[in-house]
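Going by this note's numbering, the sequence shown opens with residue 20, and the numbers climb by one from there. Ideal placement from N, C-alpha and C gives every residue a C-beta, glycine not left out. Here the structure is a predicted model, which is why all the values come from computation and not from measurement. Notes follow once the structure below has been shown.
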Amino acid sequence: MAWWMFYLIASGLLVLVGLLVILPVLFSRNALQRDALTNTQIVRQRLEELEREASEGLISEYDKRQASDELKLALVDEYRESSSQPGKARLPLFLGALFAVAAGVGVYYQVNQLSMVERAQEAMQALPRLSTHLANGGGDSFTQKDITDLSLAIRERLRHAPDDAQGWMMLGRLWMAMGQQQQAIQSLEKALAISPDDLSFRLTYAQLLMGTGEESQLRRAQSIVAELLTQNPQNDNLALIMAVASAQLGDLEQTEQYFAQVKDKLPEDSEMRLGLVARIAELKEQSNGGSDDADIPGETGFTIQVILSDELQSRLPENGFLIVFAQDALSDNRMPAAVVKMPLVGFPITINLSAANAMLPSYSLDSLKEARLVARISSDENVTAQPGDLQGELNSAVKSGELLPTSIVISEELK
């Protein structure tokens, strides 16, 4: 419904309510005036009759004057009473009109949610700035207000244009910046359903799948990138992503093939290059019958024993999740460098958190010097902290090529 049409209907309803309040009062006043006029005519007629009866000797002059005075007094009293009626009606009239206006404003506010409309308009105005910032990789510096505004603006945009593939892409990137992988993947899948041949959509989708660390998703990502490489075989960015995905899957042949394509174009001290070199060495050692233990040279991360304090044993959700992740302890970047999620199975529990659990190939534990390690129990898989979550954390130095043993005690309930 257009705004002008809504205002027209609302104004019409207010006028109708006003008429329903005012018309009965006006009709009542007219009735009183008619009654007063009729009574005056009756009194005048009676006075004429008294004059005639006195002249005919039927009544004395004294009786005539007394009867005449009584009629006049009765008429005056009735006039005073009728004159006071409009004054008494003004208060109900005013209260009724006030109630009608207040009710109309209240209904309008409740139905239209003015504060939410204003909030949505502000978010839509901020959408170009925030979306550009997000597209340029600045999602890590978003405040909670920025995230809320951008989410609201994108959802408002998609509500009016559900086939807007770019809108779904932006929403996916936002979920990705918030660490909500499943929602990000679902948004990208909707974007791809609308524009299946868009290269940037497919590439972002593959990166999201790689960030899950799950073998099935990694293989899907590898398949997508392999298809893109058949169309763009000289694309070094695709070759690098293919090398990383293959390294995560333990595919030595593919890793070496695509790493060879980009090796000379990466700086020698590049964390990505060093990580791939270490992973290739690890895979070669495994193929030669080397150790398959978790603590293999070249793997950067932590072996974390997660312990739940006795005080919080009774606070465990029935169907919760354990989320263990690492962030950069030396910056304000809240993007997880590595994440492991699993259903609750019991405590204590030991978890390996390594570069293989990175959400993005370009940002992993190899990128950090000191990590903030967080173990959180939540009722869902959302990495974002929520009231009622149980949490423990500590800071630890990161040593490249080593899985460091440590332990985290979950002893705090978030408010």
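Checklist entry - What three-state label does DSSP hand Glu72 in the structure shown? => result Taking the sequence shown and counting its residues from 1, the one referred to as residue 72 is at position 53. In the structure shown, Glu72 sits in a helix (DSSP, three-state: H, G or I).
Checklist entry - Quick one: what does DSSP say Val34 is sitting in, helix, strand or coil? => result One-based indexing of the sequence shown puts residue 34 at position 15. Val34: helix per DSSP, three-state reduction.
Next on the checklist: So for Glu400, helix, strand or coil by DSSP?
Outcome noted: The sequence position of residue 400 within the sequence shown is 381, counting from 1. DSSP places Glu400 in coil when its eight states are reduced to three.
Next on the checklist: So if DSSP puts Glu389 in a beta bridge, which residue, or which two residues, is it bridged to?
Outcome noted: Along the sequence shown, one-based indexing puts residue 389 at 370. Per DSSP, Ala416.
Next on the checklist: Three or more C-beta pairs under 8 Å: does that hold for the stretch 173-183 against the stretch 324-339?
Outcome noted: no
Checklist entry - In this structure, does DSSP put Asp255 in helix, strand or coil? => result By one-based count along the sequence shown, residue 255 stands at place 236. Correct three-state label for Asp255: helix.
Item to check | Nearest-angstrom Cβ-Cβ length linking Val325 and Pro286, presumed shorter than 8 Å | outcome: The count along the sequence shown starts at 1 and reaches residue 325 at position 306. The count along the sequence shown starts at 1 and reaches residue 286 at position 267. Incorrect: roughly 37 Å between the Cβ atoms, too far for contact.
Item to check | Pairwise C-alpha distance: Asn401 and Phe340 | outcome: Here residue 340 is taken as the residue at index 321 of the sequence shown, counted from 1. Here residue 401 is taken as the residue at index 382 of the sequence shown, counted from 1. One C-alpha to the other measures close to 9 Å.
Next on the checklist: So Leu372 and Ala357 are supposed to be a Cβ contact under 8 Å. How far apart are they, rounded?
Outcome noted: The residue labelled residue 372 in the question sits at position 353 within the sequence shown. The residue labelled residue 357 in the question sits at position 338 within the sequence shown. About 5 Å separates the two Cβ atoms, so the contact holds.
Item to check | Best match in Ser328, Val393, Ser381, Ala348 for proximity to Gly365 [C-alpha to C-alpha] | outcome: Start at 1 with the first residue of the sequence shown, and residue 365 comes out as number 346. Selected option, being the one with the closest Cα: Ser328.
Checklist entry - Would DSSP call Arg395 helix, strand or coil? => result Sequence index remark: in the sequence shown, residue 395 carries index 376 (1-based). Note: Arg395 maps to strand in three-state DSSP.
Checklist entry - With respect to the beta strand (DSSP E) encompassing Ser426, which residues constitute its N-terminal and C-terminal limits? => result Numbered from 1 along the sequence shown, position 407 holds the residue referred to as residue 426. Here the beta strand (DSSP E) through Ser426 covers 422-429.
Item to check | Any chain D beta carbon closer than 8 Å to Ile323 | outcome: Chain labels in this structure do not include chain D; a single protein chain is all it has.
Item to check | Segment limits, beta strand (DSSP E) that includes Val325 | outcome: For the purposes of this step, residue 325 is taken as residue 306 along the sequence shown, with counting starting at 1. Where Val325 is concerned, the enclosing beta strand (DSSP E) stretches over 320-327.
Item to check | Whether Val393 touches Phe321 by CB criterion (8 Å) | outcome: In the sequence shown, residue 393 corresponds to position 374, counting from 1. In the sequence shown, residue 321 corresponds to position 302, counting from 1. No.
Checklist entry - Closest to Asn307 by CA distance: which of Leu271, Gln64, Gln205 is it? => result Sequence index remark: in the sequence shown, residue 307 carries index 288 (1-based). Among Leu271, Gln64, Gln205, the Cα nearest to that of Asn307 is on Leu271.
Checklist entry - First and last residue of the alpha helix (DSSP H) that includes Ser289? => result Here residue 289 corresponds to residue number 270 of the sequence shown, with the count starting at 1. From DSSP, Ser289 is part of no alpha helix (DSSP H); its letter is neither H nor E.
Next on the checklist: Buried or exposed for Ile28, going by 16 or more other Cβ atoms inside 10 Å?
Outcome noted: Translated into positions along the sequence shown, residue 28 becomes position 9. Looking at its Cβ environment, which holds fewer than 16 other Cβ atoms inside 10 Å, Ile28 is exposed.
Next on the checklist: Between the alpha carbons of Ile429 and Pro355, how many angstroms are there, rounded?
Outcome noted: Locating residue 429 in the sequence shown gives position 410, counting from the first residue. Locating residue 355 in the sequence shown gives position 336, counting from the first residue. So the alpha carbons of these two residues sit roughly 19 Å apart.
Next on the checklist: In whole angstroms, give me the CA-to-CA distance for Gln276 and Ile299.
Outcome noted: If you number the sequence shown from 1, residue 276 lands on position 257. If you number the sequence shown from 1, residue 299 lands on position 280. Rounded to whole angstroms, Gln276 to Ile299 spans 11 Å at the Cα level.
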